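Protein chains: 4
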Amino acid sequence: MARKRVGNKRERIIAAAGRFFGEKGYHNTTTAEIAEAAGVAAGTIYIYFSSKEELLVAVFEEFLGVHMERLREGVAGEQDPKAKIRKLLSLGLRLMEENPDSAKIFLSQLRQSTDMIKMVAKRSSRAYKDIIEEVLEEGVRRGVCRKINVRAVASMLFGAFQTTVLDWVADDCSYPLMDQADELSEFVLKGVECGKKPDFEAGAIE
Amino acid sequence: MARKRVGNKRERIIAAAGRFFGEKGYHNTTTAEIAEAAGVAAGTIYIYFSSKEELLVAVFEEFLGVHMERLREGVAGEQDPKAKIRKLLSLGLRLMEENPDSAKIFLSQLRQSTDMIKMVAKRSSRAYKDIIEEVLEEGVRRGVCRKINVRAVASMLFGAFQTTVLDWVADDCSYPLMDQADELSEFVLKGVECGKKPDFEAGAIE
Amino acid sequence: MARKRVGNKRERIIAAAGRFFGEKGYHNTTTAEIAEAAGVAAGTIYIYFSSKEELLVAVFEEFLGVHMERLREGVAGEQDPKAKIRKLLSLGLRLMEENPDSAKIFLSQLRQSTDMIKMVAKRSSRAYKDIIEEVLEEGVRRGVCRKINVRAVASMLFGAFQTTVLDWVADDCSYPLMDQADELSEFVLKGVECGKKPDFEAGAIE
Amino acid sequence: MARKRVGNKRERIIAAAGRFFGEKGYHNTTTAEIAEAAGVAAGTIYIYFSSKEELLVAVFEEFLGVHMERLREGVAGEQDPKAKIRKLLSLGLRLMEENPDSAKIFLSQLRQSTDMIKMVAKRSSRAYKDIIEEVLEEGVRRGVCRKINVRAVASMLFGAFQTTVLDWVADDCSYPLMDQADELSEFVLKGVECGKKPDFEAGAIE
DNA sequence: AATGAATGAGTCTTCATTCAT
DNA sequence: AATGAATGAAGACTCATTCAT
């Protein structure tokens, strides 16, 4: 009894797909192995997703949904623009650390193939960058950041963040990703803040 | 009527492969179309490369070779650590701009598949990052940069650089990539320099 | 609020199947779409029919039953052998015109596959041809027709009839099929009658 | 020595396909078995034909080409319209008898599926009917036939012919198809000729 | 009787790679 | 060295059929 255990098939498929896509890449993963890992029949995938590509998209969105929500929450909990940026980065790293598989897809499977995928990939990074832009925007407005091209810098910031995660993944996640949080925050904050006063609280680094 | 000018075939194949891999991705490119574009027979590819994967590796290395050489030259031409960093970034952008196809591969096709490719990809970014590290190292040694974790920051710096190029590619290379050089240099330099004196030469930006 | 009017489901399924089989062919029709069009669940089809093939058979028989009955009635209502032949043809055309979908199946889906289907198809034409044979038989016996090989000619007659309908179907039923009745009757009657007297009444048909 | 035995692969595939399509129908034939029967690898089919459907089309056209040519020749060798019609029918039967497999496809696989196939099928019967129409046309012009709707009657004639062949096929080609030639000719000729004088040369029938 | 989610065998098609010429 | 026809393994996807509810 209790709630029907039906309906978790879709989730199981997404989970399995995420795992494989992240591990071996989209093209090197067969629908057959996804099905097996998800504990469903080969054809079942096609009940929930109209194609393998569509499944990839679903994996993306699943991932994104969670991240965006938590990131926005986290950022909203801070007042100071600098604190927001720091939060953004550290929380971002934590989310990635919690779900390395999706992270891999998100970060590296982005742009390989069909336009459809590309579009979603672009949309994904966009969502991420949007948050970053908002935060930077505020920083500039409140005079905490120097007068930067918000859009361009948001992208660079995202790139720095991305590579940090990627390095970690390439290293088989063998160290706590969070260890990089301070170094990353520092680099980024210095990169955007006004040179005015070094009012940057010590202790934040190392 | 001397014998046909044989021997440039290997290069033609690499060039064609680079073009397609960049455009459509490794997996969505067939050896057949590479052969056709290179003006050789399908089988000929396998005289020069033992597999499609090997060909991808060759494309990478071709690309890398040129870049590394020119980057090292460029950096060597500068004295000041900051100038070196600036040079690194602007020259890097220029190289990408000159050869967008290879850039695409280098930046995004990195890690999708087999371990072999991964290894090469890692090696590629490694080469890039090595130069960056060297430069940063010197900056720290000479007291121009703050005491950063050189390795980590080199990665971030590379990430910022990468995303800048990627944005440009995603935008169909519709604007001069060099337009981003100053913004990028500024962001990076601020991120790494000592807060000591805002001795940052005006005019560099905008 | 009595129990739902169950029981017409079988008919609805047959009707839907007939429509699709006629339109797109047996093999290009899925049981799923039949079920949907019939307003029943996918599995329900298998309560009434043991397989898709069986369903095709049922469609045939449904069609045949009606036709045979009306054809026999129509023929019985005529005295003169020639009138019977004419009736047979014109009534045959009318029946086809009334139910184009079944007509299509009957005429063209006949023989594509398994022996089972073939058998039914053969049986169907057989039923049709039986009537024709009877009528021709009588014509010969009563000296109105020449001494033909009844069986063979019945087949030819059926063929002439069939192609006439098929042309109409191929033309998207864009003209009244009945327009062909006179030409067909004339052709057939001339083909079978004794050359004796050209006592062929003009306007003889309807 | 001797001409290369290359290039007959296409033919072997067509031949094998024709055999199977005729025997079991298009949909019940797999490309795999065609390949095997043709003595080539599965993929080889796709070197010569872009799809299974395309292959069916090729089978049709192969068949048609031969038939049309020989039919036109045969008809051209006769002077008298009636003799032409007789020739058309008897030669038609002979061709079918010589190549029962193609015959089956031609006659029964005509209209089952995709528009592409339909189109070819229509074109095929059209070619056949065109010849018939020409002959009938001439018969009418020269006063040998009554004033018929040439197009419609050509179709009926074709139908009579078709069913005759089909009966034979349905009977597993167990009797000489040519045995039906006279009966068919007689039926058709009577059906189209002027009633004027029974100038029909005796001896032609039975 | 009815449902419809699930199954999984079966198919077409692609494409990296080989090899006789 | 070069060719390109041929290979055949592999994979995405379909759909008739089943069965727990």
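Protein chains in written order, with this note's numbering: chain X, 1 to 206; chain V, 1001 to 1206; chain E, 2001 to 2206; chain D, 3001 to 3206. Here a beta-carbon is modelled for each residue, glycine too, at the ideal position from N, C-alpha and C. Being a predicted model, the structure only gives us computed values, none of them experimental.
Can you give the Cα-Cα distance for E1054(V) and A103(X), rounded to whole angstroms?
The straight-line gap from Cα to Cα measures roughly 28 Å.
Which word fits D2130(E), buried or exposed, when buried means at least 16 other C-beta atoms lie within 10 angstroms of its C-beta?
exposed
Exposure of I13(X), with buried meaning 16 or more beta-carbon neighbours within 10 Å:
buried
Residues bridged to C145(X) by DSSP?
E193(X)
Please report the straight-line C-alpha distance between I1034(V) and E1023(V), rounded to a whole angstrom.
12 Å
Where D2182(E) falls: helix, strand or coil (DSSP)
helix
Closest to C1194(V) by CA distance: which of A1170(V), C1145(V), S1185(V) is it?
Ranking the options by Cα distance to C1194(V), first place goes to C1145(V).
Contacts that G2191(E) makes with chain D (C-beta to C-beta distance below 7 Å):
F3187, V3188, K3190, G3191
Are the C-beta of E1138(V) and some C-beta of chain X separated by less than 8 Å?
It does not: the Cβ of E1138(V) has no partner Cβ on chain X nearer than 8 Å.
Measure from the alpha carbon of L93(X) to the alpha carbon of each residue in K190(X), G191(X), E183(X), V192(X), then state which is nearest.
Closest option to L93(X), Cα to Cα, is E183(X).
From this set, R72(X), E133(X), V75(X), M96(X), which residue's C-alpha is nearest D179(X)'s C-alpha?
Nearest C-alpha to D179(X): M96(X).
Check the C-beta distance from A38(X) over to A58(X) and give it rounded, since I have them as a contact under 8 Å.
Incorrect: roughly 13 Å between the Cβ atoms, too far for contact.
Under 8 Å by Cβ, that's how I've got G3074(D) and L3091(D) pegged, so tell me the actual separation to the nearest angstrom.
That belief holds up - the Cβ atoms of G3074(D) and L3091(D) are roughly 4 Å apart, short of 8 Å.
Beta carbon of T2031(E) nearer than 8 Å to that of A2041(E):
no
Given I2148(E) as reference, the closest of I3045(D), E3137(D), K3190(D), K3122(D) once Cα atoms are compared
If we check each option's Cα against that of I2148(E), K3190(D) comes out closest.
Can you tell me whether F3020(D) is buried or exposed? The criterion is at least 16 other CB atoms within 10 Å of its CB, across all chains shown.
With 16 or more Cβ atoms within 10 Å of its Cβ, F3020(D) is classed as buried.
I'd like the list of long-range same chain contacts for W1168(V), defined as Cβ closer than 6 Å, with 5 residues on each side in sequence excluded.
If we look at W1168(V) and ignore the five residues flanking it on each side, its Cβ neighbours are L1177.
Judging by CA-CA distance, which residue of R2070(E), T2029(E), L2064(E) is the nearest neighbour of K2052(E)?
For the set R2070(E), T2029(E), L2064(E), the Cα lying nearest the Cα of K2052(E) is the one of T2029(E).
Tell me the residue span of the alpha helix (DSSP H) that contains N8(X).
8-24
Neighbourhood of F3049(D) by C-beta distance below 8 Å, restricted to the same chain and skipping five residues each side
Counting only Cβ-Cβ distances below 8 Å, and skipping sequence neighbours, we find I3013, L3055, A3058.
Separation of R1123(V) from R142(X), as counted between CA atoms:
Linking R142(X) to R1123(V) through their CA atoms gives a straight-line distance of about 42 Å.
By how many angstroms is the C-alpha of Q3079(D) removed from the C-alpha of R3070(D)?
Rounded to the nearest angstrom, the two C-alpha atoms are 16 Å apart.
Is E2078(E) helix, strand or coil by DSSP?
When secondary structure is reduced to three states using DSSP, E2078(E) falls in the coil class, being assigned neither helix nor strand.
How long is the line joining the alpha carbons of I2045(E) and V3188(D), rounded to whole angstroms?
46 Å
Rounded distance between the beta-carbons of L2064(E) and A2127(E), thought under 8 Å:
6 Å
H67(X), DSSP secondary structure in three states:
helix
For G1018(V), collect the residues of the same chain with a Cβ closer than 6 Å to its Cβ; drop the 5 residues on either side in sequence, then sort them by chain order.
V1059, D1101, S1102
Going straight from the alpha carbon of E186(X) to that of L136(X), what length do you get?
15 Å
L3177(D) - containing alpha helix (DSSP H), residue span
Note, L3177(D): premise wrong, no alpha helix (DSSP H); not H, not E.
Alpha carbons only, please: which of D1171(V), E1138(V), E1011(V), Y1175(V) is nearest the one belonging to K118(X)?
D1171(V)
Beta-carbon spacing of F3158(D), T2163(E) below 8 Å:
yes
Output the distance between the C-alpha atoms of N2099(E) and E2138(E), rounded to the nearest integer angstrom.
Rounded to whole angstroms, N2099(E) to E2138(E) spans 29 Å at the Cα level.
Is there a Cβ from chain X that is less than 8 Å from the Cβ of D1167(V)?
yes
So that I know if they touch, is there some Cβ in chain D lying closer than 8 Å to that of L2091(E)?
It does not; no Cβ of chain D falls within 8 Å.
Using Cβ-Cβ distances below 8 Å, what residues of the stretch 3-28 of chain X are close to chain V?
K24, G25, Y26, H27, N28
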